[in-house]
Amino acid sequence: MKAYIAELESLVTQLEEENTELLREQEERHQKRLKELLERVTPVIVRKKPSQDLRRTNSMQW
5 MKAYIAELES LVTQLEEENT ELLREQEERH QKRLKELLER VTPVIVRKKP
55 SQDLRRTNSM QW
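So the sequence shown is numbered by this note's numbering: it starts at 5 and just counts up by one.
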């Protein structure tokens, strides 16, 4: 019975280590993907709108 418990504890330890490694790899992939997406995004340039000044037209005689 003690050997069985020791084997289970060993398996639990192994699975916890594997889980930690997989979570780390997942986070690395997520960060890499985020970086790639940010590099591909074209920056949006905010342009100043031209002012809507009133202009004189020659279509009408005064």
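Every residue gets a Cβ at the ideal spot worked out from N, C-alpha and C, and that includes glycine. Everything numeric in this text was worked out from a predicted model, so none of it was measured.
From which residue to which residue does the alpha helix (DSSP H) around residue i run?
| i | result |
| --- | --- |
| L19 | 6–44 |
Alpha carbon to alpha carbon, what distance is there between residue j and residue i?
| i | j | result |
| --- | --- | --- |
| Q30 | E40 | 15 Å |
| V16 | V45 | 43 Å |
| S14 | R28 | 21 Å |
| L12 | E43 | 46 Å |
| E25 | L19 | 10 Å |
| E21 | Y8 | 20 Å |
The ligand GTP and residue i: does any heavy atom of the ligand fall closer than 7 Å to the residue's C-beta?
| i | result |
| --- | --- |
| K36 | With respect to the ligand GTP, the structure shown offers nothing to examine, as it has no ligands at all. |
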